[in-house]
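Participant: Chains as they are written, first to last, in my numbering: chain D, 2 to 164; chain G, 9 to 418.
Ideal Cβ placement from N, Cα and C applies to all residues, glycine included.
Note that the structure is predicted; figures quoted are calculated from it, not measured.
Let me give you the structure first, and then I'll get to my questions.
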């Protein structure tokens, strides 16, 4: 009979504790899954297969369920984002406000194409669907915070300040 | 013009604080509701003609009435506030939460009493981290003030998928699954979160409840137009002088909202107005006197949606606009229904080809054909939107499309 191989933890004991806390936060265990994966993405800047396997075991779910969720939602990546993840909204209002110019500007200022971290791992950038900041386009999402009215000067300033 | 939700926004910068909110009469609606029977609260909301302001326009009181009583279905039932605002052009929930979080919490607690829920959730899109923080702080204040004695409020975040904003997909997301819409019936009020009766209402809808409780359903109904009670908050962006949110009575004219937003930027000519978010067909200059309520706008061939108004001036190109919207829909199609998954992808591809100057003779007809093959053949409205958007832009701006397609002999 085949026995299940134990899943090795890719997390620190504190992180394991936090992940475990999401299994009991809501009336049903699975309701904490998205928040647990949000933690993984924040800590490891991606959701890798070993991480998903650990979370799956924690939630008593098959790996294919957790992997399905991890690959469905745009917040979770299978590539490693930069320490600072910059999103640029290319929804209609932000496009009208010049977001495609900001795409070129991000690529030039950070020196990497979309969805590729800089060689020192500090930055990555990607286009995102509507960020809900249509009155202040072009809108940026810098890590988890909104930054409206992007300009070339603002992007250069961000790249300098966050380094 | 009557304002309900944003009445104090210009004069009270600290409205997000519970003390300020209470000084202005906040939580009086909840006290009044708690002194009434559940049936009385529901009847008052039915009388108000409040409609679901997240896009569907379903009568709120009518939705609540479909929750089975505890005699028929004993056990827990839930209220979920939908704060997963993601329709391009919509940002009013973001502003309402930032400025008046307690107005939302009070609405959630009134709805909880109305259906007998002891647990409620606010599901907020993950990108609204500032608003998540505002709500977490407001909930702690409401807890400390004893307002959550009859029902708790918990926060949950999404992870970047537009489709999570659709009620049944939202419930799937909350249950830790891919955001695949369910095929109703059963509707969430009968079988919602974990199969329990669940009312899912939008932020703006719930925020209306405190005033309805205090001033009465009749007062609210009188402000709007027939069958469309109260006010509606528009998010206005695009080519206008003053982008922002504007609250107007239901049934106000499109022209009035445009005027509030300072009119078309730079004195340019108007090309069209998207009234409810990019999924809704656009209206033209000749339509500016259309009344903005769920029913009147429908008669004009489009939808009020979630009030995400995008104004486009004469410099906008209909193919570029349609491409932007189809790219969004292709990215956000959940993939569950083949016609939508494939149709949105090919609509984007064809439009992209047209933008690159490689349009082919059959492209315009194919776009329309793809749309026809999706509508009515998919579970949710996202798929229907794919064809609706291309059809609308092609029929209203044929010249923009025709000039992108190579004709014989050219």
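Using a C-beta to C-beta distance shorter than 7 Å, which residues of chain D count as neighbours of residue 186 of chain G?
Facilitator: Locating residue 186 of chain G in the second chain gives position 178, counting from the first residue. Neighbours of residue 186 of chain G on chain D, chain order: 69, 70, 73.
Participant: Mark residue 18 of chain D as exposed unless 16 or more other C-beta atoms lie within 10 angstroms of its C-beta, in which case mark it buried.
Facilitator: Translated into positions along the first chain, residue 18 of chain D becomes position 17. Exposed, since its Cβ has fewer than 16 Cβ neighbours within 10 Å.
Participant: Applying a beta-carbon distance threshold of less than 7 Å, which residues of chain G neighbour residue 145 of chain D?
Facilitator: As a first step, residue 145 of chain D is located in the first chain; it is residue number 144 there, counting from the start. Going along chain G in sequence order, the residues near residue 145 of chain D (Cβ under 7 Å) are 137.
Participant: I need the boundaries of the alpha helix (DSSP H) containing residue 103 of chain D, first residue and last residue.
Facilitator: Here residue 103 of chain D refers to the residue found at position 102 when the first chain is read from its first residue. Where residue 103 of chain D is concerned, the enclosing alpha helix (DSSP H) stretches over 100-111.
Participant: Answer yes or no: the CB of residue 317 of chain G versus the heavy atoms of the ligand FMN, is any distance below 7 Å?
Facilitator: With respect to the ligand FMN, the structure shown offers nothing to examine, as it has no ligands at all.
Participant: By DSSP, does residue 254 of chain G sit in helix, in strand, or in coil?
Facilitator: Locating residue 254 of chain G in the second chain gives position 246, counting from the first residue. DSSP places residue 254 of chain G in the strand class (E or B) of the three-state scheme.
Participant: Comparing C-alpha positions only, which one of G/195, G/39, G/107 sits nearest to residue 71 of chain G?
Facilitator: Taking the first residue of the second chain as 1, we reach residue 71 of chain G at position 63. Ranking G/195, G/39, G/107 by Cα distance to residue 71 of chain G puts G/195 first.
Participant: Whole-angstrom Cβ separation of residue 290 of chain G and residue 269 of chain G, contact assumed at under 8 Å?
Facilitator: Indexing the second chain from 1 puts residue 290 of chain G at position 282. Indexing the second chain from 1 puts residue 269 of chain G at position 261. Actually they are not in contact, since the Cβ atoms of residue 290 of chain G and residue 269 of chain G sit about 16 Å apart, beyond 8 Å.
Participant: I'd like to know whether the C-beta of residue 99 of chain G is nearer than 8 Å to at least one C-beta of chain D.
Facilitator: Reading the second chain from its first residue, position 91 is the one you call residue 99 of chain G. True, the Cβ-Cβ gap to chain D drops below 8 Å.
Participant: In three-state terms, what does DSSP make of residue 78 of chain G?
Facilitator: The residue labelled residue 78 of chain G in the question sits at position 70 within the second chain. Note: residue 78 of chain G maps to coil in three-state DSSP.
Participant: Tell me whether residue 299 of chain G sits in a helix, a strand or coil according to DSSP, three-state version.
Facilitator: Counted from its first residue, the second chain places residue 299 of chain G at position 291. In the displayed model, residue 299 of chain G falls within a strand according to three-state DSSP.
Participant: Could you give the DSSP three-state label for residue 12 of chain D: helix, strand or coil?
Facilitator: Numbered from 1 along the first chain, position 11 holds the residue referred to as residue 12 of chain D. Three-state result, residue 12 of chain D: coil.
Participant: Enumerate in chain order the residues of its own chain whose CB-to-CB distance from residue 111 of chain G is below 8 Å, with the five nearest sequence positions on each side excluded.
Facilitator: Your numbering for residue 111 of chain G matches position 103 in the second chain. Here the set comprises 13, 29, 34, 104, 215, 218.
Participant: Determine the burial state of residue 90 of chain G: buried for a count of at least 16 other Cβ atoms within 10 Å of its Cβ, exposed for fewer.
Facilitator: Here residue 90 of chain G corresponds to residue number 82 of the second chain, with the count starting at 1. It counts as buried.
Participant: If we count Cβ pairs, one from each stretch, closer than 8 Å, do we get three or more for the segment 93-104 of chain D versus the segment 134-147 of chain D?
Facilitator: yes
Participant: Output needed for residue 318 of chain G: all residues of its chain with C-beta closer than 6 Å, excluding positions within five of it in sequence on either side, in chain order.
Facilitator: Numbered from 1 along the second chain, position 310 holds the residue referred to as residue 318 of chain G. Cβ within range, chain order: 97, 245, 246, 282.
Participant: Under 9 Å Cβ-Cβ, which residues of chain G neighbour residue 77 of chain D?
Facilitator: Numbered from 1 along the first chain, position 76 holds the residue referred to as residue 77 of chain D. The contacting residues are 167, 168.
Participant: I'd like to confirm the pairing. Which residues does DSSP put opposite residue 282 of chain G in its beta bridges?
Facilitator: Against the second chain, residue 282 of chain G aligns to sequence position 274. Answer by DSSP bridge pairing, in chain order: G/318.
Participant: Is the segment 156-164 of chain D in contact with the segment 258-278 of chain G, if contact means three or more CB pairs nearer than 8 Å?
Facilitator: no
Participant: Residues of the segment 130-162 of chain D with a CB closer than 8 Å to any CB of chain G: list them in chain order, please.
Facilitator: 130, 131, 132, 133, 134, 135, 136, 137, 138, 142, 145, 146, 147
Participant: Taking only the alpha-carbon atoms, compute the straight-line gap between residue 240 of chain G and residue 296 of chain G and give it to the nearest angstrom.
Facilitator: The residue labelled residue 240 of chain G in the question sits at position 232 within the second chain. The residue labelled residue 296 of chain G in the question sits at position 288 within the second chain. Rounded to whole angstroms, the separation of the alpha carbons of residue 296 of chain G and residue 240 of chain G is 17 Å.
Participant: Using the three-state DSSP reduction, which class does residue 141 of chain D fall into: helix, strand or coil?
Facilitator: The residue given as residue 141 of chain D occupies position 140 in the first chain. Strand at residue 141 of chain D.
Participant: Under 8 Å Cβ-Cβ, which residues of chain D neighbour residue 332 of chain G?
Facilitator: The sequence position of residue 332 of chain G within the second chain is 324, counting from 1. Neighbours of residue 332 of chain G on chain D, chain order: 91, 92, 93, 96.
Participant: Measuring alpha carbon to alpha carbon, tell me which residue in G/300, G/340, G/337, G/257 is nearest residue 11 of chain G.
Facilitator: Against the second chain, residue 11 of chain G aligns to sequence position 3. It is G/257 whose Cα lies nearest to the Cα of residue 11 of chain G.
Participant: So which of D/135, D/28, D/87, D/40 has the shortest CA-CA distance to residue 15 of chain D?
Facilitator: Counting from 1 along the first chain, the entry for residue 15 of chain D is found at position 14. Residue nearest to residue 15 of chain D within the set D/135, D/28, D/87, D/40 is D/40 (criterion: CA-CA distance).
Participant: Residues in the segment 29-49 of chain D with C-beta within 9 Å of chain G's C-beta atoms, listed in sequence order?
Facilitator: 29, 30, 31, 32, 33, 34, 35, 36, 37, 38, 39, 42
Participant: Can you tell me which of G/325, G/294, G/391 puts its alpha carbon nearest to the alpha carbon of residue 405 of chain G?
Facilitator: Along the second chain, read from residue 1 onward, the residue named residue 405 of chain G stands at position 397. Minimum Cα distance to residue 405 of chain G is reached at G/325.
Participant: Taking residue 88 of chain D as part of the beta strand (DSSP E), name the residues at either end of that continuous run.
Facilitator: Counting from one through the first chain, the residue named residue 88 of chain D turns up at place 87. That run of the beta strand (DSSP E) goes 85-90.
Participant: Where residue 178 of chain G and residue 171 of chain G are concerned, what is the direct C-alpha to C-alpha distance, given to the nearest angstrom?
Facilitator: Reading the second chain from its first residue, position 170 is the one you call residue 178 of chain G. Reading the second chain from its first residue, position 163 is the one you call residue 171 of chain G. Whole-angstrom Cα-Cα distance: 8 Å.
Participant: Identify the continuous beta strand (DSSP E) that holds residue 125 of chain D and give its terminal residues.
Facilitator: Position 124 of the first chain, counting from 1, holds the residue named residue 125 of chain D. From DSSP, the beta strand (DSSP E) with residue 125 of chain D extends over 124-129.
Participant: Could you tell me whether the Cβ atoms of residue 134 of chain G and residue 167 of chain G are closer together than 8 Å?
Facilitator: On the second chain, residue 134 of chain G is found 126 positions in, with the first residue counted as 1. On the second chain, residue 167 of chain G is found 159 positions in, with the first residue counted as 1. For residue 134 of chain G and residue 167 of chain G, yes; Cβs fall inside 8 Å.
Participant: Write down every uninterrupted run of the alpha helix (DSSP H) in the segment 13-88 of chain D whose length is 4 residues or greater and which is fully enclosed by it, in chain order.
Facilitator: DSSP assignment within the segment 13-88 of chain D yields the following whole alpha helix (DSSP H) runs of 4 residues or more, N-terminal first: 14-22, 34-45, 50-59, 64-73.
Participant: Which same chain residues, not among the five before or five after residue 192 of chain G, have their C-beta less than 8 Å away from its C-beta?
Facilitator: Counting from 1 along the second chain, the entry for residue 192 of chain G is found at position 184. 176, listed in sequence order.
Participant: Of all the CB atoms in chain D, is at least one closer than 8 Å to the CB of residue 16 of chain G?
Facilitator: The residue labelled residue 16 of chain G in the question sits at position 8 within the second chain. No, no contact with chain D.
Participant: Counting contacts by CB-CB distance shorter than 8 Å, is residue 55 of chain D in contact with chain G?
Facilitator: Position 54 of the first chain, counted from the first residue, corresponds to residue 55 of chain D. Output row for residue 55 of chain D: interface = no.
Participant: For residue 418 of chain G, which residues of its own chain have a beta-carbon under 7 Å away from its beta-carbon, when the five flanking residues on both sides are left out?
Facilitator: For the purposes of this step, residue 418 of chain G is taken as residue 410 along the second chain, with counting starting at 1. Interpretation of residue 418 of chain G is limited by its pLDDT of 44, a score under 50 that renders its predicted location unreliable; the figure taken from the coordinates is listed afterwards. Closer than 7 Å at Cβ, skipping near neighbours: no residue.
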